[in-house]
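Taking it in order: structure first as structure tokens, then the write-up.
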Amino acid sequence: MSEQSAYEAIRKELAKAKSKFPWWPSDPVHAAAIVSEESGELTQAALQFTYEKGPATAMLEEAVQVGAMAIRFIEAIMEYEERKSEQITSQ
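For reference, each letter of the sequence shown is one residue, going 99 to 189 in the numbering used here.
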């Protein structure tokens with residue numbers, strides 16, 4: 099897949115995700131968890147490809163989803179709310 103094709107696939111996935119799930123977390127922990135969950139699915143697809151004869155297309159699909167969620171995370175960085183932990187005391 100060319101770089102241009104990869105960008106286009108991510109752009110399409112991003113539009114699809116925003117349409118299906120317009121809400122995005124207002125804090126970075128939950129937003130990062132979404133990116134991490136997609137990354138975990140990519141790892142699973144890579145393991146299945148390597149050890150179980152899984153399809154390369156599954157890795158591609160998951161990698162595109164990781165890219166789309168990473169962009170959503172980046173787009174929202176300036177809007178994330180800082181939350182103080184009750185476990186941390188201010189000095």
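Ideal Cβ placement from N, Cα and C applies to all residues, glycine included.
With a cut-off of 8 Å on Cβ pairs, the region 120–133 is in contact with the region 164–172, counting three or more such pairs. Excluding the 5 residues flanking it on each side, V162 has same chain C-beta neighbours closer than 6 Å at A107, I108 and E111, in chain order. A Cβ-Cβ separation of about 18 Å leaves A115 out of contact with A156 under the 8 Å criterion. Taking C-alpha positions only, M176 is separated from V164 by approximately 20 Å. Collapsing the DSSP output to three states places E180 in coil.
Judged by DSSP secondary structure, I169 falls within the alpha helix (DSSP H) whose first and last residues are A154 to A174. Secondary structure at K116: helix, using DSSP grouped into helix, strand and coil. Distance check between T141 and each of K151, E160 and A131 places E160 closest, using alpha-carbon atoms only.
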